[in-house]
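Peer 1: Protein chains in written order, with this note's numbering: chain D, 3 to 509; chain E, 2 to 321; chain U, 6 to 283. Glycine included, C-beta positions come from ideal geometry on N, C-alpha and C. In this text the structure is predicted, and so the values were computed from the model without any measurement.
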Amino acid sequence: MKRPSIMLIALLAVTLFGAAGAFAAPAAQAVLTIGVDQEAVGIDPHIVTAFSSMRRIDLMYNRLVRLDDNFVVVPDLAESWEVPNNVTYIFHLRKGVKFHNGRELTADDVQYSLQRILDPKTASPGRSYVSLITSIDVVDRYTVKLNLSAPLASLLDGLTSNNCSIVAKEAVEANGNLQKTDAGTGPFMLQDWIPDNSMTLVKNASYFEKGAPYLDKVIFRVIPEQASLLAGVKSGDIDLATISDGATIRQASKDSKVVVMSKPGLNMRIFSFNTTKKPFDDVRVRQALAMTLNRSEILGIAEFGMGKPTGPVPVAATQWAVPVAKLPYASPDIAKAKKLLAEAGYPKGFSFKITCSATYEGGLAVAQVAQEELKKIGVTAELEVVEWGVYIDKWVKRDFETMIELRGGSGEPDRFLYRTFYSTGGVNNFLFKDAEVDKYLDLGRTQTVLADRKASYNKLQTLLTEKAPAIFLYCPNENQVMGKQVSGFKLVGNGSLFYVTFTKVKR
Amino acid sequence: MFRYIVKRLLSLIPVLFGVSIIVFFLVRLIPGSALEMYMGTQVEATPEQMIELQRIFGEDKPVPVLYVEWLGRILQGDFGYSLRTGRPVLPDILSRLPLSLELTILSLALALLIGIPQGILSSLKRNPFSDVINRVIGLLGLSLPQFWLASLMVLAFANFSGWIPMGNYIKFSVDPIRNLRMLLLPSLAIGIGLAAVIMRYTRNSMLEVLQMDYIRTAKAKGLTKRVVILRHALKNAILPVITVAGFNTGYLLGGAIVIEEVFALPGMGRLALYAIYQRDYPVIQAIVLMIATIFVLVNLVTDLIYAMVDPRIRLDDGGR
Amino acid sequence: MKSNSLTRNSIVMTGLAIIGVYIAIMVVSTFWLPFDPISMDTDHILEAPSLATGHLFGTDEFGRDILSRIMKGSTISLIISVAATLLGTLVGTFMGVWAGYLGGRWDNVLMRIADVLFSFPSLLLAIFVMAILGEKTFNVVIAIGIVYIPQFARISRGAILTIKSSEFIKAAKSNGASSGFILRKHLLPNILVPLIVQVSLSLSVAILLESSLSFLGLGVQPPAPSWGNMLSGARKVMVLAPWTAIYPGIAIVLLVLGFNLLGDGLRDILDPRLRNVR
Numbered sequence: 003m004k005r006p007s008i009m010l011i012a013l014l015a016v017t018l019f020g021a022a023g024a025f026a027a028p029a030a031q032a033v034l035t036i037g038v039d040q041e042a043v044g045i046d047p048h049i050v051t052a053f054s055s056m057r058r059i060d061l062m063y064n065r066l067v068r069l070d071d072n073f074v075v076v077p078d079l080a081e082s083w084e085v086p087n088n089v090t091y092i093f094h095l096r097k098g099v100k101f102h103n104g105r106e107l108t109a110d111d112v113q114y115s116l117q118r119i120l121d122p123k124t125a126s127p128g129r130s131y132v133s134l135i136t137s138i139d140v141v142d143r144y145t146v147k148l149n150l151s152a153p154l155a156s157l158l159d160g161l162t163s164n165n166c167s168i169v170a171k172e173a174v175e176a177n178g179n180l181q182k183t184d185a186g187t188g189p190f191m192l193q194d195w196i197p198d199n200s201m202t203l204v205k206n207a208s209y210f211e212k213g214a215p216y217l218d219k220v221i222f223r224v225i226p227e228q229a230s231l232l233a234g235v236k237s238g239d240i241d242l243a244t245i246s247d248g249a250t251i252r253q254a255s256k257d258s259k260v261v262v263m264s265k266p267g268l269n270m271r272i273f274s275f276n277t278t279k280k281p282f283d284d285v286r287v288r289q290a291l292a293m294t295l296n297r298s299e300i301l302g303i304a305e306f307g308m309g310k311p312t313g314p315v316p317v318a319a320t321q322w323a324v325p326v327a328k329l330p331y332a333s334p335d336i337a338k339a340k341k342l343l344a345e346a347g348y349p350k351g352f353s354f355k356i357t358c359s360a361t362y363e364g365g366l367a368v369a370q371v372a373q374e375e376l377k378k379i380g381v382t383a384e385l386e387v388v389e390w391g392v393y394i395d396k397w398v399k400r401d402f403e404t405m406i407e408l409r410g411g412s413g414e415p416d417r418f419l420y421r422t423f424y425s426t427g428g429v430n431n432f433l434f435k436d437a438e439v440d441k442y443l444d445l446g447r448t449q450t451v452l453a454d455r456k457a458s459y460n461k462l463q464t465l466l467t468e469k470a471p472a473i474f475l476y477c478p479n480e481n482q483v484m485g486k487q488v489s490g491f492k493l494v495g496n497g498s499l500f501y502v503t504f505t506k507v508k509r
Numbered sequence: 002m003f004r005y006i007v008k009r010l011l012s013l014i015p016v017l018f019g020v021s022i023i024v025f026f027l028v029r030l031i032p033g034s035a036l037e038m039y040m041g042t043q044v045e046a047t048p049e050q051m052i053e054l055q056r057i058f059g060e061d062k063p064v065p066v067l068y069v070e071w072l073g074r075i076l077q078g079d080f081g082y083s084l085r086t087g088r089p090v091l092p093d094i095l096s097r098l099p100l101s102l103e104l105t106i107l108s109l110a111l112a113l114l115i116g117i118p119q120g121i122l123s124s125l126k127r128n129p130f131s132d133v134i135n136r137v138i139g140l141l142g143l144s145l146p147q148f149w150l151a152s153l154m155v156l157a158f159a160n161f162s163g164w165i166p167m168g169n170y171i172k173f174s175v176d177p178i179r180n181l182r183m184l185l186l187p188s189l190a191i192g193i194g195l196a197a198v199i200m201r202y203t204r205n206s207m208l209e210v211l212q213m214d215y216i217r218t219a220k221a222k223g224l225t226k227r228v229v230i231l232r233h234a235l236k237n238a239i240l241p242v243i244t245v246a247g248f249n250t251g252y253l254l255g256g257a258i259v260i261e262e263v264f265a266l267p268g269m270g271r272l273a274l275y276a277i278y279q280r281d282y283p284v285i286q287a288i289v290l291m292i293a294t295i296f297v298l299v300n301l302v303t304d305l306i307y308a309m310v311d312p313r314i315r316l317d318d319g320g321r
Numbered sequence: 006m007k008s009n010s011l012t013r014n015s016i017v018m019t020g021l022a023i024i025g026v027y028i029a030i031m032v033v034s035t036f037w038l039p040f041d042p043i044s045m046d047t048d049h050i051l052e053a054p055s056l057a058t059g060h061l062f063g064t065d066e067f068g069r070d071i072l073s074r075i076m077k078g079s080t081i082s083l084i085i086s087v088a089a090t091l092l093g094t095l096v097g098t099f100m101g102v103w104a105g106y107l108g109g110r111w112d113n114v115l116m117r118i119a120d121v122l123f124s125f126p127s128l129l130l131a132i133f134v135m136a137i138l139g140e141k142t143f144n145v146v147i148a149i150g151i152v153y154i155p156q157f158a159r160i161s162r163g164a165i166l167t168i169k170s171s172e173f174i175k176a177a178k179s180n181g182a183s184s185g186f187i188l189r190k191h192l193l194p195n196i197l198v199p200l201i202v203q204v205s206l207s208l209s210v211a212i213l214l215e216s217s218l219s220f221l222g223l224g225v226q227p228p229a230p231s232w233g234n235m236l237s238g239a240r241k242v243m244v245l246a247p248w249t250a251i252y253p254g255i256a257i258v259l260l261v262l263g264f265n266l267l268g269d270g271l272r273d274i275l276d277p278r279l280r281n282v283r
């Protein structure tokens, strides 16, 4: 009986070993908790405008193409594309991409999504990015063709916007809109949402990027106080936090327990003029103010130095931005400013109002510093500090003399500059009309050779600085603060959380 | 008594009606609109889009027409959809009610726990010096700005996880221990002020009662001081205190705005604040109406208790 | 008896003393301040309090002297508080007296209006009014004043009602005295007591309301210094520079305490029910 007992023992051992494997506790879940200071308003990618919503959409949806961390357009749902002439774009989609409801994504979905964006009934903010599309053809199951009425150099860049995400038709039809519903293909799926508290996303196991995402769960927590966000990262309650306040970031940089990632973003702080109101209808007056404001000082106080001075094209868009040093009025020239004012008829200066708001975008701090600096040329600024809703109201009604604004720039110059500075531009609240600027905006939009476009936009940047419908101040940094347990995250200048797809957490 | 109650309930209707009209019309006097906030400074819309947006945001008809439509829907229980999120209004508000209620109850409980004993103590002291100290400390509670106290608390406790919600509010039904722990500090911040009020009322009631004849009789009979206090004086002194607490409860419900903001608690006060910021008319209208209704009902109940306790009041209807 | 009235008096006196100090500061601040409360000093941002630099309470995120801003803020807080309370008292008392005296229809209508106002929590109502009127300092006075109307209406109405049916008045009426005479001679002195107490308490709450509004960004706007908006600005830099949050808060607490002591002490002295307490 000796032989069989050894066999028995061996058998037993193997069985136990196997059983142990089967009964082994499941590996602990990899969970990333992200702290944000604003709740998402809704999550329908074709409808929302708020940054807070965009951050959730970053993880739940894909677009045809996306921007990498250097603002280069790279494939997302489309693995390749051709542009046979400047009014035709053909996209070849990846095969085997699944929506979160299990169905495969095809060219029909792209057609449906773009049509929904273009439909006035949707009232989509993304419409202006793709408005020149006249028709969308489904060539075959994985190929889609876009036909434009006129050349639009920024089309690809526009398609990277979250507002141009691809959605599942049946979800829209079942719910009316996607404000609470997940109809995407992205790396994470919506599991649970408690408004003003937390949103839980879980891993999309059939995401098309092999191996990704590495996290099992992502939880968004809404914490309005900047100081609490930092405290949360320090204590480990949250792993990653988007912090916008300069003072808090400065504090975080001094703390060895947390990691701070910071780089100039695409948002731009500007001092806007209503060019129809005296004395700002005279370009010399605007130039005088442009020559007086000290970008570094404003940056130092309002953002604690966390940003970079910029010209009309966000400084982070290195492919297109002319260095600030090469643009006019790079550093203050008080004497010349005073001279210009005198020429324009204001030797003793004048007084006017700066409209601003105490919210971050409303730039109250910037306004206060500007007020101080303008005293040097005898100009007295009175601050009109209003509540955010009133600020927006005044903006819409063009009821202001000057305003501190935070504009969303773009890596591709046409997308931002056209709508902002064209004489009939949709967000040209400066009421600025200049034929020369219009000419170069049109050129830049329609030219196809890169060298030509660069030349046009170089000229445009100098023009815009000289004609000064607004004074271009700086681009504040995008900041993320995280604990040491987070790896694999990359910061994108437009605030996108896309790289959470490749992030890991080590406990 | 019954007629009195019915009369009061009926008089609620014009009040709430008045509230609804005021809110509906005045809220549209605030510069800016939800549509403008939505578009902000970044969005451009074609004329057709604008027409559609105006319809979605309810700005396509004259205001009185909108009011009548809204009133009609309300009476059927339909409170509309939030302009900000597109979600139905009523469920969202109701989902926050438990937290606001819990905060109110906890604050009240803490206020009573702190205020009553302190009131009793200060009514017994014959030493003028400690009397003054006691009163000053009590009044100090009333003098602290809630938001300051809350900010300091967040500062002090930020490094201790579990005491500050940090956007991680856990419902009582899910985990009662953690829930109570994270609501302790906010309730304290609110309750300290109320404790001062309760202390004062307790003290005054106690003083009044303590010198009444039957107390002196009891004392003369030789009952120990403690028995006298607990059994007789307290029993009579408490009721006015309860009514004062009741009167302040309504305030607690919608007035915890700043506390909810600083502690990041998803309560009704904060929802109301953000709705006003965002010009989310349906939400503002619904939540103000609801807060007003609760407020008025609580006041009614407290009034009734007050009237039952103090016969003087009922006679001349002065205290209502 | 003596010790008790001493107690009562000392509380009132302490309150008056505190208020007096603030009034003195307000007066002084009109012609002298250690530093300019509004202009920035970008080389001295967020400096800790020190005797050497002269910034006894330190500087804020714009390099402005906190002590000077607190002193200047005292003017704003006191004026707003007094004006708002005055508004509420006048309008509310007017409403309440007429409602109580005339009774019937007028009573109903006026008190309905007061009820509607009363059914809003104070801060919410104030926020609402500020949102409509716009964030100018003057509007803060109106907002807080409106919040106070129902309370004063109720108190004055209640006092009128208790007196109205008394023998004294009936006698005066049957003697042919006019309404106006009765009001002035008999009714008004009677409501004075609860009114005075309520006024001093309202003064304290007004300061808290104003600072809450400013904290939320809906009250006094920067760069004008209000203790509330100073605390709002301090929220972000509190961790780096705690003095930005501590001193303005203390300023609020002490003044509010002063008014509370005054009101509480007065109530003690004037409340007839407690007059006979040993």
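In terms of residues, what are the limits of the beta strand (DSSP E) holding D:P266?
Peer 2: 260 to 266
Peer 1: So is E:L143 in contact with chain U if we call contact Cβ pairs under 9 Å?
Peer 2: Yes - at least one Cβ of chain U is within 9 Å of the one on E:L143.
Peer 1: Looking at the secondary structure, which residues open and close the beta strand (DSSP E) in which D:I92 lies?
Peer 2: 90 to 95
Peer 1: Please state if the CB of D:V494 and the CB of D:V262 are separated by a distance shorter than 9 Å.
Peer 2: no
Peer 1: Do you know how far the Cα of E:L184 is from the Cα of D:D198?
Peer 2: 16 Å
Peer 1: Let me see if you follow: with CB-CB separation under 9 Å, is E:T86 close to chain D or not?
Peer 2: yes
Peer 1: How about U:L218 and U:I24: are their beta carbons less than 9 Å apart?
Peer 2: Not closer than 9 Å, so no.
Peer 1: Give the residues of chain U in contact with D:A383, contact being defined as C-beta atoms less than 7 Å apart.
Peer 2: Neighbours of D:A383 on chain U: none; closest Cβ ~11 Å, over 7 Å.
Peer 1: What residue range does the beta strand (DSSP E) around D:G37 cover?
Peer 2: 33 to 38
Peer 1: Is the beta carbon of D:L445 less than 9 Å from the beta carbon of D:D454?
Peer 2: With a cutoff of 9 Å on beta-carbon distance, D:L445 and D:D454 are scored as near each other.
Peer 1: Quick check: what's the CA-CA separation for D:L329 versus E:E45?
Peer 2: 29 Å
Peer 1: Can you confirm whether D:R297, when its beta carbon is compared against all beta carbons of chain U, has any partner nearer than 9 Å?
Peer 2: no
Peer 1: Out of curiosity, what's the CA-to-CA distance linking E:S144 and U:L262?
Peer 2: 5 Å
Peer 1: What alpha helix (DSSP H) runs, 4 residues minimum, are completely inside the region 462 to 508 of chain D?
Peer 2: none
Peer 1: Taking DSSP's pairing of strands, which residues face D:D142 in a bridge?
Peer 2: D:T145
Peer 1: State buried or exposed for D:A437, treating a residue as buried only when at least 16 other CB atoms are found within 10 Å of its CB.
Peer 2: It counts as exposed.
Peer 1: How should D:M496 be labelled, buried or exposed, when 16 other C-beta atoms within 10 angstroms of its C-beta is the threshold for buried?
Peer 2: It should be pointed out that residue 496 of chain D corresponds to Asn in this sequence rather than to Met. By the neighbour-count definition (other C-beta atoms within 10 Å, threshold 16), D:N496 is a buried residue.
Peer 1: Per DSSP, which one or two residues make a beta bridge with E:D132?
Peer 2: DSSP links E:D132 through a beta bridge to no other residue.
Peer 1: When the Cα of D:G234 is compared with those of E:V155, E:G139, E:E53, E:P15, which residue comes out closest?
Peer 2: E:V155
Peer 1: At 4 residues or longer, what runs of the alpha helix (DSSP H) sit wholly inside the region 103 to 185 of chain D?
Peer 2: Runs of the alpha helix (DSSP H) spanning 4 or more residues and lying entirely within the region 103 to 185 of chain D occur at 109 to 120, 129 to 132, 157 to 161, 171 to 177, in chain order.
Peer 1: Quick check on the DSSP output: what are the complete alpha helix (DSSP H) runs of length 4 or more inside the region 324 to 396 of chain D, in order along the chain?
Peer 2: 336 to 346, 366 to 376
Peer 1: Mapping the DSSP letters down to three states, classify D:G23 as helix, strand or coil.
Peer 2: Because the pLDDT of D:G23 is 42, which lies under 50, any placement of that residue in the model is unreliable, and the number read from its coordinates should be weighed accordingly. Helix.
Peer 1: Could you tell me the alpha carbon to alpha carbon distance between E:V198 and U:G101, rounded to whole angstroms?
Peer 2: 24 Å
Peer 1: Please compile the residues from chain U whose C-beta is within a distance smaller than 7 Å of the C-beta of E:L30.
Peer 2: I137
Peer 1: Beta carbon of D:K350: closer than 8 Å to some heavy atom of the ligand SAH?
Peer 2: Of the ligands one can find in the structure shown there are none, so the ligand SAH has no counterpart to examine.
Peer 1: Closer than 8 Å between beta carbons: that is the criterion. Which residues of the region 215 to 237 of chain U meet it against chain B?
Peer 2: In the displayed structure, chain B is absent; the protein chains listed are D, E and U.
Peer 1: Buried or exposed, going by whether 16 or more other CB atoms sit within 10 Å of the CB of U:W37?
Peer 2: Looking at its Cβ environment, which holds fewer than 16 other Cβ atoms inside 10 Å, U:W37 is exposed.
Peer 1: With a threshold of 6 Å on Cβ separation, who are the neighbours of U:I85 within its own chain once the five nearest residues in sequence on each side are excluded?
Peer 2: V145, V146, E215
Peer 1: So, for D:S458: in the same chain, excluding its five sequence neighbours on each side, which residues have a beta-carbon less than 7 Å away from its beta-carbon?
Peer 2: Y442, L445, G446, Q449
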